[in-house]
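Here the working numbering is used: position 334 in the sequence shown is 350, and no number is missing along the way. What follows is one structure encoded as structure tokens, with my remarks underneath.
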Amino acid sequence: MENRDFARILYETADLMEIAGEDGFRIRSYRNGAGVIEGHTERVSDILRDHERKVTEIAGIGKGLAFVLSEIEARGSCEMRDILLQRFPPAALEFLKIQGLGPKSIALLIERFELKSMDDLERVCREQKLRDLPRMGAKLEEKVLRSIEQYKQRTGRFLLSFADNTAQELMEHLSSLEGIDAITPAGSLRRGKETIGDLDLLVTGPNAAAALEAVATHPKVQEVLSRGANKTSVKFGREGLQVDVRALDHNSFGAAMQYFTGSKEHNVALRQRAVRMGFKLSEYGLFRIDNEERVASATEVEIYEALGLQWIPPELRENLGEIELAEARALPRLVELSDIRGDLHMHTTATDGRATLEEMALAAKAQGYDYIAITDHSKALAMAFGLDEKRVTDFAATVRKINETGDLGIRILAGLECDILQDGTMDIEWDALAELDLVIGSVHSHM
């Protein structure tokens with residue numbers, strides 16, 4: 017089990033506890049523990065299985081949470097979560113994503129209307145039953161309905177980061193098989209889209225077919241959608257992300273990579289260009305129309321070059337002018353990680369961060385950054401030990417001193433994530449804010 021799986025279960029348990037009206041300290045304990053596990057570099061599963069070590073060696077994990085983590089490792093859940101899922105439907109976690117509904121109102125609605133799904137909640141709103149409940153009303157009912165519609169439009173798509181983590185997990189699993197030469201993501205994940213509908217993985221090697229079987233029998237697979245000689249499709253994980261795994265011949269790998277990366281619009285335009293040049297392009301290769309001779313197929317570069325084009329980075333393949341630019345050899349250089357020179361939003365252990373100012377600065381320097389801004393929370397966020405005016409001015413003075421000495425070898429900007437209060441004023445007095453290099457205005461409540 018990966019650290020993100022432990023963290024997800026702890027977060028879900030905390031959400032359910034909040035709906036149930038459990039003690040705030042216990043809720044924070046679960047949430048903080050989830051954050052610690054999420055950011056821990058070593059696999060928690062490995063520590064739990066090592067009889068000579070204890071998970072309490074991780075800073076922020078006490079005996080109580082250690083027991084919960086051992087439960088999760090053993091059976092994929094914990095007692096508190098199981099108890100609350102008997103009391104509330106799994107959809108209760110989805111209700112938290114609906115604007116206008118908080119934990120208390122969700123508990124009330126589930127109890128009053130016996131809600132089991134998002135469709136039940138939508139029906140109650142359309143029947144105008146929310147407006148008659150205390151502290152709700154017609155405007156809130158309309159807001160909830162709009163949010164449900166937006167939620168349904170988003171459902172079925174997953175964040176790029178989630179899809180990438182899933183891809184890495186599966187690639188690690190499949191790479192342990194013998195006779196696998198390469199496993200490569202394709203589709204919208206390779207194009208770097210913000211959200212992903214399904215995950216495409218391409219596998220080559222003399223034993224590529226074994227990867228199809230390994231995916232179909234993976235313990236996290238909810239459902240096998242299809243199973244063939246060259247492709248297996250499954251619903252993976254609790255979230256149900258569809259994963260399509262294809263076994264490919266290495267001779268046609270480049271053509272298949274180009275085809276399954278997309279986008280559809282880019283591929284259509286590329287095939288039309290191929291036809292105009294006397295070629296036929298498919299996932300098997302680029303062929304001459306007149307005699308079926310294979311012109312290119314092993315690599316993407318071969319495909320694009322044979323079509324008179326510069327190789328086009330996947331992120332640009334949307335048929336928005338990239339083909340014309342590639343023909344003119346004028347494609348732009350894409351931004352790379354090495355181009356990022358600094359970070360202007362960082363927290364430290366002064367509030368809810370996990371590293372000190374010095375540790376953050378040295379890590380940023382190792383990353384090749386020229387500057388960073390430390391922007392801890394202001395005092396309104398008491399849960400995060402936000403800074404008051406005195407701590408703000410002391411912090412600004414400390415940063416100035418560090419910059420003057422140059423001991424850390426990187427420019428540090430004194431900043432603050434300052435709450436905007438309900439009346440529109442700033443959480444910190446202007447005299448203190450004036451000591452800073454950078455202020456980020458932020459709304460954490462009263463939205």
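Yeah, the Cβ is synthetic: ideal placement off N, Cα and C, and Gly gets one too.
I'd like the span of the alpha helix (DSSP H) that includes residue i, first residue to last.
i	result
A14	In the structure as shown, the chain begins at 17 and stops at 463. Residue 14 is therefore absent and cannot be evaluated.
I339	338-343
A82	79-91
R262	Note, R262: premise wrong, no alpha helix (DSSP H); beta strand (DSSP E) at 257-264.
P201	Here P201 belongs to no alpha helix (DSSP H); instead the beta strand (DSSP E) covers 198-201.
M17	It is not in any alpha helix (DSSP H) - M17 carries neither H nor E in the DSSP assignment.
D98	95-103
R147	Premise fails: R147 is in no alpha helix (DSSP H) and is neither H nor E.
I43	40-55
S354	Looking at the DSSP string, S354 is not in any alpha helix (DSSP H), and its letter there is neither H nor E.
Among residues of its own chain, excluding the 5 on either side of residue i, which ones have a beta-carbon nearer than 7 angstroms to its beta-carbon?
i	result
F531	A question about residue 531 goes unanswered here, because the residues of the chain that appear run from 17 up to 463.
R427	D386, Y387, N419
R370	G55
M293	L323
G402	T367, H393, S394, K395, A396
Roughly how many whole angstroms lie between the Cα atoms of residue i and residue j?
i	j	result
N419	I114	45 angstroms
L109	A179	20 angstroms
E343	R207	20 angstroms
I212	K251	14 angstroms
E281	E28	39 angstroms
D197	A224	8 angstroms
K395	I456	14 angstroms
A398	E405	14 angstroms
E87	E331	42 angstroms
L341	L325	9 angstroms
D392	L449	13 angstroms
G425	K381	7 angstroms
I25	F104	16 angstroms
D135	P150	22 angstroms
L373	M362	9 angstroms
G195	L32	45 angstroms
M96	P235	24 angstroms
K132	G384	51 angstroms
A75	S192	32 angstroms
L101	I444	42 angstroms
L378	D423	10 angstroms
M376	Y320	43 angstroms
Compare the C-beta of residue i against all C-beta atoms of chain D and say whether one is closer than 9 angstroms.
i	result
E95	Chain labels in this structure do not include chain D; a single protein chain is all it has.
Is it buried or exposed, residue i, if we count other Cβ atoms within 10 angstroms and call 16 or more buried?
i	result
A68	With the sequence shown as reference, residue 68 is identified as Glu, and Ala is not the correct amino acid for it. Burial call: exposed.
T364	buried
A245	exposed
A90	exposed
G221	buried
S204	buried
T57	exposed
S313	buried
I356	exposed
V291	exposed
V261	buried
L215	buried
T441	exposed
T277	buried
F411	buried
My understanding is that residue i touches residue j, with C-beta atoms under 8 angstroms, so please give their C-beta distance in whole angstroms.
i	j	result
E157	R147	5 angstroms
K209	L176	7 angstroms
L10	F22	Only positions 17 to 463 of the chain appear in the structure, and residue 10 is not among them; the question remains open.
N249	L241	Just to set this straight, residue 249 is Ser in the shown sequence, not Asn. That belief holds up - the Cβ atoms of S249 and L241 are roughly 4 angstroms apart, short of 8 angstroms.
V160	L117	6 angstroms
E34	P119	4 angstroms
I339	A272	Their Cβ separation, rounded to whole angstroms, is 20 angstroms, which puts I339 and A272 out of contact at 8 angstroms.
For the beta strand (DSSP E) containing residue i, list its first residue and its last residue.
i	result
S249	247-252
T220	214-220
E433	427-435
F303	301-304
L454	454-458
V284	Premise fails: V284 lies in the alpha helix (DSSP H), 280-292, not in any beta strand (DSSP E).
E185	Counting along the chain, E185 falls outside any beta strand (DSSP E), though it belongs to the alpha helix (DSSP H) covering 176-191.
A371	Segment: none, A371 is in no beta strand (DSSP E) and carries neither H nor E.
R310	310-312
Leaving out the 5 sequence neighbours to the left and right, which residues in its chain are closer than 6 angstroms to residue i when beta-carbon positions are compared?
i	result
L81	G49
R173	T211, G213
L454	A389, L429, G431
S93	none
F129	V140
F269	T220
L360	A389
Ordered along the chain, which non-local residues of its own chain (more than five positions away) have a Cβ less than 8 angstroms from that of residue i?
i	result
R59	E18, N19
K79	T72
R345	Q326
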